[in-house]
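So the sequence shown is numbered by the working numbering: it starts at -7 and just counts up by one.
Please read the structure below before turning to the comments.
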Amino acid sequence: MPTGTVKWFNNAKGYGFILPDEGGEDLFVHYSSIQMDGYKTLKAGQEVSFDVIQGDKGKHATNIQVPGGNKPRANTVASGETSPGETTKLEAVP
């Protein structure tokens, strides 16, 4: 099963791209191809394994799995900003 790194994933739109470790073109990924329970999402920089199929507009990653766990790792941004597609929980100020 090929492996790669998530280039980006937009939660609001439900898709993104994976950079295959073996090189070649980026692979389209749709949330419905992510194999995990609950909310299906990926984070930029996350390592994944997958199968490849040929779609109408290019190659797609399918049967996407996160090695070593069911949930994606948190993507920490040093500046405190969120990554594209993420939201921040705001707390009320007394």
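Beta carbons: idealized from backbone N, C-alpha and C, even for Gly.
On a predicted model such as this, the values are computed, not experimentally measured, just so you know.
Under the three-state DSSP convention, the category residue i falls into
i: residue 7; result: strand
Own chain residues within Cβ distance below 6 angstroms of residue i, not counting five before or after
i: residue -5; result: 13, 41
i: residue 6; result: 23
Same chain, Cβ closer than 8 angstroms to residue i, neighbours up to 5 away in sequence not counted
i: residue 54; result: 25, 42, 43, 44, 45
i: residue -1; result: 8, 9, 10, 11, 18, 36
i: residue 52; result: 19, 20, 21, 22, 25, 44, 45, 46
Supposed contact pair residue j and residue i - C-beta distance, whole angstroms, cut 8 angstroms
i: residue 133; j: residue -3; result: The question about residue 133 has no answer, for the chain in this structure spans -7 to 86.
Boundaries of the beta strand (DSSP E) in which residue i is found, first to last residue
i: residue 50; result: 50 to 57
i: residue 39; result: 39 to 47
Residue nearest to residue i in terms of C-alpha spacing, selected from the options
i: residue 56; options: 22, 47, 16; result: 22
i: residue 47; options: 16, 20, -7; result: 20
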